[in-house]
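Every letter in the sequence shown is one number past the one before it in the numbering used here, and letter 108, counting from 1, is 108. All C-beta atoms in this analysis are idealised placements derived from N, C-alpha and C, irrespective of residue type, glycine included. All remarks here apply to the structure that follows.
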Amino acid sequence: MKVLLVEDDPSMQTALCRALRRRGMEVEVCGDGRAALAAWKEAAPDVVVLDLTLPGLDGLQILDLARRENIATPVLILTARGTVGDRIIGLNTGADDYLPKPFDLDELEARVRALARRGPAGAAPGNSAAPATPGGLRYDRESGAIYHRDEVLELTPRELALLQALVAKPGHAVSKERLYELVFPGETEVQYEAIEVVVYRLRKKLAHTGAKLVTLRGLGYLLKGA
Numbered sequence: 001m002k003v004l005l006v007e008d009d010p011s012m013q014t015a016l017c018r019a020l021r022r023r024g025m026e027v028e029v030c031g032d033g034r035a036a037l038a039a040w041k042e043a044a045p046d047v048v049v050l051d052l053t054l055p056g057l058d059g060l061q062i063l064d065l066a067r068r069e070n071i072a073t074p075v076l077i078l079t080a081r082g083t084v085g086d087r088i089i090g091l092n093t094g095a096d097d098y099l100p101k102p103f104d105l106d107e108l109e110a111r112v113r114a115l116a117r118r119g120p121a122g123a124a125p126g127n128s129a130a131p132a133t134p135g136g137l138r139y140d141r142e143s144g145a146i147y148h149r150d151e152v153l154e155l156t157p158r159e160l161a162l163l164q165a166l167v168a169k170p171g172h173a174v175s176k177e178r179l180y181e182l183v184f185p186g187e188t189e190v191q192y193e194a195i196e197v198v199v200y201r202l203r204k205k206l207a208h209t210g211a212k213l214v215t216l217r218g219l220g221y222l223l224k225g226a
């Protein structure tokens, strides 16, 4: 696995680089915000580990530029900014996961490997085919409805938003932060834990199908066959 580490703090850079290499990963390092995008293209990594506070351009600016160029490499953001609002900004910009400092190195490894297994996010432009989904579920992109066999699932708007996010990536974890942002867009007063209530209700409605909503501790939720 090839990882691009974009981090300007020398001590953090050295520690993370050493830790990831000890875990069998090939690591390229960049410590400059303005050079990061060029390094990203040149390294062609499986995962980018991106700090937010960088000289020249910050991490969000680099991420935004990459996504505008349709570079779909999975990105894990590392930052001391740990509030829900900051996480949502990062995920809106195109991050796939978010790990606030300080963090455990084993957790970092687990998240990087999970992103590498997931692969580049999003379908190719112009691809309107619905993805294969487990449990006999079918997502109609035009109507936004989700069917079990030939019957429309009766879901609330929040349940539908959550399930749409999961069927878009069957078998892959979607972070709790990303689901919160999709299910409660702009609702800043809603408690972060409210996403768990929607998950609970959706699980009950999927009980009669062959689909199962699974919690992956520290990674999020995924949809798979029962």
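In the DSSP secondary-structure assignment, lysine 2 is bridged to Glu26. Across the structure, alanine 35 and aspartate 58 are spaced so that their CA atoms are roughly 11 Å apart. Counting the other Cβ atoms within 10 Å of the Cβ of alanine 80 gives fewer than 16, which makes it exposed.
Taking glutamate 154 as the centre and dropping the five residues before and after it, the same chain places no C-beta closer than 6 Å to its C-beta. The C-alpha of tyrosine 192 is placed about 22 Å away from the C-alpha of valine 75.
Looking at the DSSP output, histidine 148 shares a beta bridge with Leu137, Glu151. With respect to alanine 114, glycine 94 sits apart: the two C-beta atoms are not nearer than 9 Å. A straight-line Cα-Cα distance of about 7 Å links leucine 206 and lysine 212. Annotation for alanine 211: the continuous beta strand (DSSP E) segment containing it runs 211-216.
For leucine 52, same chain residues with a beta-carbon under 7 Å away, outside a window of 5 residues either side, are Asp58, Gly59, Leu60, Ile77, Thr79, Arg81 in chain order. Per the C-alpha coordinates, the member of Glu187, Leu179, Gly186 positioned closest to leucine 219 is Leu179.
The Cβ atoms of aspartate 32 and aspartate 64 do not sit closer than 9 Å to each other. As a beta-bridge residue in DSSP terms, threonine 79 pairs with Pro100. In this structure arginine 118 is buried. Its beta-carbon is surrounded by 16 or more other beta-carbon atoms within 10 angstroms. Assigned with DSSP and collapsed to three states, lysine 224 falls in strand. Looking at the DSSP output, aspartate 9 sits in no beta bridge, so it has no partner there.
Your pair lysine 2 and alanine 43 checks out as a contact, with CB atoms roughly 7 Å apart and the cut at 8 Å.
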